[in-house]
Amino acid sequence: MQHQIISLLKKSLQKLELENTQIPDIFLETPENTDHGDFSCNIAMQLVKILKKNPRQIATEILENIPENSVIAKSEIAGPGFLNFFVSSSVYNEQLQKISELGENFGKNEVLKNQKFLAEHTDPNLFKEVHVGHVMTNTIGESLYRIAKFSGAETKNVTFQGDVGMHIAKALWGIQNIGEDLPLEKTAYEKQKFLGKCYVFGEKNYSAEDTPSEQNKAKQEIITINKNIYIWNRYKNSENSENTHNLEISEEVKKLGEMYEMGCKWSLEYLETIYSLVGSKFDHYFLESSTFTDGQRIVEENTGNSGKKVFVTSENSDAVIFEGENYGFHTRVFINSEGLPTYEAKDIGLFHAKWKKYNPDISLTVTGGDQDVYFKTVREAAGLINPEWKAKTVHVAHGTLKLTTGKMSSRTGKIVRAQDWIDSAREHLEEKMQSRVENGNIEKSEISDIAKKIAIGAIKYAII
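According to my numbering, the residues represented by the sequence shown are 1 to 464, in order.
As structure tokens, this is what we get:
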């Protein structure tokens with residue numbers, strides 16, 4: 001319906017002696033008050049400077065030039081020049097008839113036929129709890145993936161999970177120092193809560209300012225753990241590689257590696273329960289531990305202080321940076337002064353891994369809006385390495401779900417857990433459904449399952 005109305009508006013505008021380049025994009029909105037119609041448009045006000053006329057006069061001319069049609073039952077001008085449209089009931093009846101006839105195939109098309117479409121979303125970090133923000137990213141990413149699939153694309157659904165980095169080091173330090181027994185016999189949910197608690201404890205001590213000497217000790221220990229986790233993963237990757245480098249590691253690193261593998265196993269098991277709960281099935285799980293080596297190698301191969309190299313070595317340290325200011329972005333570090341790859345380098349490794357495994361025509365990445373500038377910068381650097389990586393990558397940055405007290409933070413533990421959110425909605429629905437059990441409309445044994453499905457559906461609908 002929207003496309004039909006927009007098409008009618010474009011035909012009308014062509015009669016106002018406007019060139020195609022002068023016609024702005026036309027958007028329709030749904031008025032909150034149905035008295036103002038099914039759709040509203042402010043195109044008349046956008047044309048004031050071009051046509052040099054009163055917006056209401058422009059609105060009148062637009063309506064007068066709309067071709068006869070069966071879509072619009074009534075149109076009116078409101079306020080300074082808004083156009084309100086009331087859709088004919090026959091159009092709704094036709095659409096409902098189509099939906100009834102086609103069922104689940106309603107809307108299916110071939111817009112993306114023969115296109116390889118790769119969707120990456122959710123992207124949780126191991127050792128940290130999954131919160132409502134992840135549900136938002138998952139819902140949007142999953143929806144876009146399914147739309148692409150419904151549009152005839154050859155689709156793959158993937159996620160990128162953070163299993164190396166400072167957050168891991170802080171959580172492992174927390175496990176070692178929090179003074180609590182490991183929840184070996186607990187549920188996956190309780191194990192993940194424990195890991196999240198250890199992460200918050202490690203972050204607090206890493207960032208502490210009131211006790212400089214203790215803070216310095218904790219910080220240095222966490223930095224060492226971080227280095228050792230990279231050593232462990234390089235050792236593990238070399239063991240699994242045909243090109244074994246015969247790396248040797250200390251007993252300290254081996255012991256840390258065992259704890260790390262235990263935590264990764266707990267996290268991955270818990271994440272599967274969340275994916276199952278929200279209805280996501282991934283074709284592949286990319287891990288940072290599998291991309292950082294190639295990412296660092298690619299960055300190093302494209303580093304130099306002369307010529308057309310993408311990265312340069314910082315004058316103030318041995319860090320490898322991308323001078324984003326030259327491209328309208330910010331400078332970012334890709335390999336830090338310790339010689340370790342940052343998130344940016346791991347993302348370069350991810351670009352490489354995606355194209356090696358899938359070679360997509362369209363590569364979609366969905367993140368929160370706070371990652372927008374970061375991703376644009378990394379995408380720019382990636383495009384200088386391989387132009388296809390930039391040209392075929394689409395980034396969708398969405399808004400933020402906030403607490404009434406402000407933004408959530410995994411670092412402080414101020415979050416709403418995804419499972420708690422869903423359980424709360426389910427429990428509320430179960431209470432509401434008790435009357436139906438008493439009336440014999442629903443079996444008591446069915447309540448929990450029905451309430452869970454409604455809760456998840458309602459949450460997803462609210463997000464979309």
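For glycine and all other residues, C-beta sits at the position ideal for the given N, C-alpha and C. Fair warning: this is a prediction, and the values are worked out from it, not measured in the lab.
{"query": "DSSP three-state assignment for HIS284, whether helix, strand or coil", "result": "strand"}
{"query": "Contact between the segment 303 to 314 and the segment 342 to 361 (3+ Cβ pairs under 8 Å)", "result": "no"}
{"query": "CB of PRO55 within 9 Å of CB of LEU47, strictly", "result": "yes"}
{"query": "Status (buried if at least 16 other CB within 10 Å, exposed otherwise) for GLU465", "result": "As displayed, the chain neither begins before 1 nor continues past 464, which places residue 465 out of reach and without an answer."}
{"query": "Helix, strand or coil at SER337 according to DSSP, with G and I counted as helix", "result": "coil"}
{"query": "Paired residues, beta bridge with LYS156 - DSSP", "result": "LEU118"}
{"query": "Inter-stretch contact at 8 Å, needing at least 3 Cβ pairs: the segment 388 to 400 / the segment 174 to 184", "result": "no"}
{"query": "Beta-carbon separation (whole angstroms), TYR85 vs ASP38, contact threshold 8 Å", "result": "Looking at the sequence shown, residue 85 is not Tyr but Phe. Rounded, the Cβ-Cβ distance is 6 Å, consistent with contact."}
{"query": "CB contact check: PHE311 to chain D, cutoff 9 Å", "result": "Of the chains in the structure shown, none is chain D; there is only one protein chain."}
{"query": "Limits of the unbroken beta strand (DSSP E) element including LYS74", "result": "72 to 78"}
{"query": "Complete alpha helix (DSSP H) runs within the segment 8 to 53 (minimum length 4 residues, chain order)", "result": "43 to 46, 48 to 51"}
{"query": "Check whether ALA290 and ALA353 have beta carbons under 9 Å apart", "result": "Reading off the sequence shown, one finds Ser at residue 290, where the question assumed Ala. Taking 9 Å as the Cβ cut-off, SER290 and ALA353 qualify as a contacting pair."}
{"query": "Start-end ranges of the beta strand (DSSP E) lying completely within the segment 356 to 429, minimum 3 residues", "result": "362 to 368, 393 to 398"}
{"query": "Three CB pairs or more closer than 8 Å across the segment 320 to 328 and the segment 368 to 385", "result": "yes"}
{"query": "Alpha-carbon spacing of THR244 relative to GLU300, whole angstroms", "result": "Because THR244 carries a pLDDT of 48, less than 50, the predicted location of this residue cannot be relied on, and the following value inherits that uncertainty. Roughly 21 Å separates the two Cα atoms."}
{"query": "VAL111 (DSSP reduced to helix, strand or coil)", "result": "coil"}
{"query": "Nearest neighbour of ILE43, chosen from LEU126, LEU13, THR21 [CA to CA]", "result": "LEU13"}
{"query": "CB of ALA469 within 9 Å of CB of GLU258, strictly", "result": "Lying outside 1 to 464, the shown extent of the chain, residue 469 is not represented and no answer is given."}
{"query": "THR303 in three-state terms, based on DSSP", "result": "strand"}
{"query": "Cutoff 6 Å; reference ASN474; Cβ partners in own chain excluding five residues on either side", "result": "As shown, the chain starts at 1 and ends at 464. That puts residue 474 outside it, with no answer to give."}
{"query": "Closest residue to ILE456 among TYR275, LYS309, VAL87, GLY263 (Cα-Cα distance)", "result": "TYR275"}
{"query": "The ligand MG heavy atom lying under 8 Å from the CB of ASN65", "result": "This structure simply doesn't include the ligand MG, nor any ligand for that matter."}
{"query": "GLY165 - DSSP class collapsed to helix/strand/coil", "result": "coil"}
{"query": "Three-state class that DSSP yields for THR244 in the structure shown", "result": "Since pLDDT at THR244 reaches only 48, below the 50 mark, its modelled position is unreliable, and no value is offered."}
{"query": "Among LEU51, GLY349, ILE454, CYS198, the one whose alpha carbon lies nearest that of GLU17", "result": "LEU51"}
{"query": "Proximal residues to VAL132 (C-beta, below 7 Å), its chain only, five neighbours per side dropped", "result": "LEU401, VAL416, ALA418, TRP421"}
{"query": "Where the alpha helix (DSSP H) containing GLY256 begins and where it ends", "result": "Reading the sequence as shown, one finds Leu at residue 256 and not Gly. That run of the alpha helix (DSSP H) goes 251 to 278."}
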